[in-house]
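2 protein chains.
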Amino acid sequence: MSVKHNVLVVGLGAVGAIYSYVLKRGGNTQVTCVARSNYEATLADGIHIRSRVYGDIPGWKPDRLCRTVKDAADTSYSYVLLTTKSLPDIVPTAAILEPLLSRDYVAKGPLPVFVFVQNGLEVERDVYDAIKGLNVGEPKIISTALWIGTNLLPGNVISHVMASQERLSAGIYRPSFSPDVKNSPEEALILQEFAALFKGTDNKVTVLDEVQRVKFKKNFWNAGLGSSSALTRYPLPAFFREETVEKIVVPQLRAIMQEILSIGRAMGFDENALPSSVVEETIESTARIHKKPDSTHRASILIDLENGRPMELEVVVGVLVRKAKELRVEIPRLELIYSYLYLIQQQILAGKK
Amino acid sequence: MSVKHNVLVVGLGAVGAIYSYVLKRGGNTQVTCVARSNYEATLADGIHIRSRVYGDIPGWKPDRLCRTVKDAADTSYSYVLLTTKSLPDIVPTAAILEPLLSRDYVAKGPLPVFVFVQNGLEVERDVYDAIKGLNVGEPKIISTALWIGTNLLPGNVISHVMASQERLSAGIYRPSFSPDVKNSPEEALILQEFAALFKGTDNKVTVLDEVQRVKFKKNFWNAGLGSSSALTRYPLPAFFREETVEKIVVPQLRAIMQEILSIGRAMGFDENALPSSVVEETIESTARIHKKPDSTHRASILIDLENGRPMELEVVVGVLVRKAKELRVEIPRLELIYSYLYLIQQQILAGKK
Chain A
1 MSVKHNVLVV GLGAVGAIYS YVLKRGGNTQ VTCVARSNYE ATLADGIHIR SRVYGDIPGW
61 KPDRLCRTVK DAADTSYSYV LLTTKSLPDI VPTAAILEPL LSRDYVAKGP LPVFVFVQNG
121 LEVERDVYDA IKGLNVGEPK IISTALWIGT NLLPGNVISH VMASQERLSA GIYRPSFSPD
181 VKNSPEEALI LQEFAALFKG TDNKVTVLDE VQRVKFKKNF WNAGLGSSSA LTRYPLPAFF
241 REETVEKIVV PQLRAIMQEI LSIGRAMGFD ENALPSSVVE ETIESTARIH KKPDSTHRAS
301 ILIDLENGRP MELEVVVGVL VRKAKELRVE IPRLELIYSY LYLIQQQILA GKK
Chain B
1001 MSVKHNVLVV GLGAVGAIYS YVLKRGGNTQ VTCVARSNYE ATLADGIHIR SRVYGDIPGW
1061 KPDRLCRTVK DAADTSYSYV LLTTKSLPDI VPTAAILEPL LSRDYVAKGP LPVFVFVQNG
1121 LEVERDVYDA IKGLNVGEPK IISTALWIGT NLLPGNVISH VMASQERLSA GIYRPSFSPD
1181 VKNSPEEALI LQEFAALFKG TDNKVTVLDE VQRVKFKKNF WNAGLGSSSA LTRYPLPAFF
1241 REETVEKIVV PQLRAIMQEI LSIGRAMGFD ENALPSSVVE ETIESTARIH KKPDSTHRAS
1301 ILIDLENGRP MELEVVVGVL VRKAKELRVE IPRLELIYSY LYLIQQQILA GKK
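Those protein sequences? They're chains A and B, same order as listed.
If you read the first sequence in this note's numbering, its first letter stands for residue 1, the second for the next number, and so on.
If you read the second sequence in this note's numbering, its first letter stands for residue 1001, the second for the next number, and so on.
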């Protein structure tokens, strides 16, 4: 392909850095990154990528580095990838992207495709609404579910440990769920063009007709396992290594995830969209990994909590609590988990011990 | 009174020390204490009591100090006060008191009255069963609910901050609950004689016909508030100071305590034995204390957890979970709380981070 796509990546953490690098490897893009905490370090020395897939790339830099989205909003982009943590209780995503969502900006060029590379549910909603409000046509938003094993370490080092290929499942964001929806020809084209950016890289993009079910399914782990790890403040091996503990705690993990499943059913995800087996599969795959003596993974929500940083609570658990209330589904365990983590989140934000 | 009662106090923590001191003030007792972690310090320099009620008493010592219950079992006692933490999952109380529960020991003199000065439910059961097994008549066990504000600080200092009078509610331990039970003349005498030990002290003992309802009522705080403080790892002011947090977390505290109430009902505590108002009263009295800027109290279960010491989990929460299972009461929140704290307890016991 000869066309260079102008891509903006907002958030130069572990995921943003790996995706910026992968897009450059695709050879078809010009990449601008907005870095926040690591702007100075990246400007001076670049990012040090240590990847099991791509090898060691010391001092890697994108084509352009900006300190703010406002600084980056001086030109048009085909794609805007959002790779920040999703913290709508602190700053709504539409506010982060505001310089790209103004009438002035969209008057200057075609509307970019916004790609959400974030965990959690309904992370796209406020940006969708903001674009709708501009009256410049249907928003082009791609929602994704991502499997990646990467962390930003001190010294601006990106550790990228997933040995097999990355997986990114992508679909058009639609504000409501409909089980049998198919992509329109226009939607299919948006997704194909996005997937084409990764051709020739080791990163596989799977194009879906309906992505919300995949994001919802992925959230079983975050809302059930991640939250439990945060509340106990023990990483997941503590849940599975001793039979006495496993016997007490695994039935509770199952019960939490049954609550999530019942919310999904009330939202319209039928057995086909969201198989009941997701509960046991999530438990079994997690147990398999964390029974191994070399398991050192810590859930990101636990890492955030331990470091006194805000957690992705609202898009992982809060959204479920609100859905359940709206749809009158009983979720005593998730409500309790949410209230405890909400208390902790507020204390973290207030800087209190 | 002229008779000197021989009293053994097992456990020379904050509660044991204050009660040993108070019993001596009563003037009618000879006090032997079994100290564990602070035996050497107490033998050398005594205990340093700093009390809002009794003033500063540096270097206070009981009449006799023993390192073990076995060492103390060389003589007969009228009363054995148990003031240790109740941790049946680590060592059953009957095992701690075993030297006093042997055929040899009871052959030497009359059976002592065992007085349980411990939080939690059914803490008396295994000792009751052990005495029953000796076939020396009905066990004489006094069960109590205690309100005291005291802590053991480094340097063998007892801080005793409750400004008003101590309160100890005492009744005969009976292994099953019966709502309208009255003390038999013999039972009434056991309790009166025990209360008489405190005559002339500032410590008030209230004699009850039925004490389990009071212990059950007190457990609303420990199982509902204490456990929530432990799981969030924030002291209780964090629950009540900000309206946003209070709005989310207090309905959950209420829901947890409604679960405790429903267990109580299934156990036979009717509205008269256990008024439903206990839920709001527990919340309101706690909010009243912890909304004050000078509130520094930390629930003992939180202190234990923070210091990596075992928590009184089984007698505070575990007993409720087992009761609910037996009586088929649905308690999703308490089950979840128990499973998380059980996991933490096992990691503490295994010395794992």
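Cβ atoms here follow ideal geometry from the backbone N, Cα and C, with glycine treated the same way.
Exposure of residue i, with buried meaning 16 or more beta-carbon neighbours within 10 Å
i                       : result
residue 1088 of chain B : buried
residue 1285 of chain B : exposed
residue 1328 of chain B : exposed
residue 107 of chain A  : exposed
residue 37 of chain A   : exposed
residue 158 of chain A  : buried
residue 1 of chain A    : Since pLDDT at residue 1 of chain A reaches only 45, below the 50 mark, its modelled position is unreliable, and the value read off the structure follows with that caveat. It is exposed - the Cβ of residue 1 of chain A has fewer than 16 other Cβ atoms within 10 Å.
residue 1221 of chain B : buried
residue 219 of chain A  : buried
residue 244 of chain A  : exposed
residue 1043 of chain B : exposed
residue 1027 of chain B : exposed
residue 132 of chain A  : exposed
residue 1176 of chain B : exposed
residue 178 of chain A  : exposed
residue 1011 of chain B : buried
residue 96 of chain A   : buried
residue 304 of chain A  : buried
residue 203 of chain A  : buried
Residue i versus residue j - alpha carbon distance
i                       : j                       : result
residue 1184 of chain B : residue 1319 of chain B : 28 angstroms
residue 1025 of chain B : residue 1018 of chain B : 10 angstroms
residue 1251 of chain B : residue 35 of chain A   : 40 angstroms
residue 268 of chain A  : residue 1314 of chain B : 41 angstroms
residue 77 of chain A   : residue 104 of chain A  : 14 angstroms
residue 1191 of chain B : residue 266 of chain A  : 58 angstroms
residue 1142 of chain B : residue 1277 of chain B : 27 angstroms
residue 1172 of chain B : residue 1126 of chain B : 15 angstroms
residue 293 of chain A  : residue 238 of chain A  : 11 angstroms
residue 1281 of chain B : residue 1275 of chain B : 10 angstroms
residue 372 of chain A  : residue 351 of chain A  : No information on residue 372 of chain A is available, as it lies outside the stretch 1 to 353 that chain A covers here.
residue 1227 of chain B : residue 169 of chain A  : 41 angstroms
residue 1273 of chain B : residue 1213 of chain B : 6 angstroms
residue 1298 of chain B : residue 1247 of chain B : 22 angstroms
residue 98 of chain A   : residue 150 of chain A  : 28 angstroms
residue 1102 of chain B : residue 1182 of chain B : 31 angstroms
residue 1339 of chain B : residue 232 of chain A  : 10 angstroms
residue 296 of chain A  : residue 290 of chain A  : 8 angstroms
Nearest-angstrom Cβ-Cβ length linking residue i and residue j, presumed shorter than 8 angstroms
i                       : j                       : result
residue 1256 of chain B : residue 1322 of chain B : 17 angstroms between Cβ atoms; not a contact.
residue 160 of chain A  : residue 69 of chain A   : Not really, about 25 angstroms apart at Cβ, beyond 8 angstroms.
residue 62 of chain A   : residue 31 of chain A   : 4 angstroms
residue 137 of chain A  : residue 48 of chain A   : No, residue 137 of chain A and residue 48 of chain A are not in contact; Cβ-Cβ is about 41 angstroms, not under 8 angstroms.
Limits of the alpha helix (DSSP H) - the one that residue i falls within
i                       : result
residue 227 of chain A  : 227-232
residue 12 of chain A   : Here residue 12 of chain A belongs to no alpha helix (DSSP H), and DSSP marks it neither H nor E.
residue 1265 of chain B : 1243-1267
residue 223 of chain A  : Here residue 223 of chain A belongs to no alpha helix (DSSP H), and DSSP marks it neither H nor E.
residue 117 of chain A  : Residue 117 of chain A -> no alpha helix (DSSP H), and no H or E assigned at all.
residue 1079 of chain B : Where residue 1079 of chain B is concerned, there is no enclosing alpha helix (DSSP H), although the beta strand (DSSP E) it sits in stretches over 1079-1082.
residue 125 of chain A  : 125-132
residue 1106 of chain B : 1103-1108
residue 1333 of chain B : 1332-1349
residue 75 of chain A   : Residue 75 of chain A -> no alpha helix (DSSP H), and no H or E assigned at all.
residue 240 of chain A  : 237-240
Identity of the residues DSSP links to residue i by a beta bridge
i                       : result
residue 204 of chain A  : A:167
residue 1006 of chain B : B:1030
residue 157 of chain A  : A:48 and A:153
residue 57 of chain A   : A:49
residue 1064 of chain B : B:1032
residue 283 of chain A  : The partner list for residue 283 of chain A (beta bridge, DSSP) is empty, contrary to what the question assumes.
residue 1172 of chain B : B:1142
Beta-carbon neighbours of residue i, restricted to chain C and to distances below 7 angstroms
i                       : result
residue 1339 of chain B : Annotation note: the requested chain C is absent from the structure, which comprises protein chains A and B.
Element boundaries [beta strand (DSSP E), containing residue i]
i                       : result
residue 1145 of chain B : 1141-1147
residue 317 of chain A  : Residue 317 of chain A -> no beta strand (DSSP E), and no H or E assigned at all.
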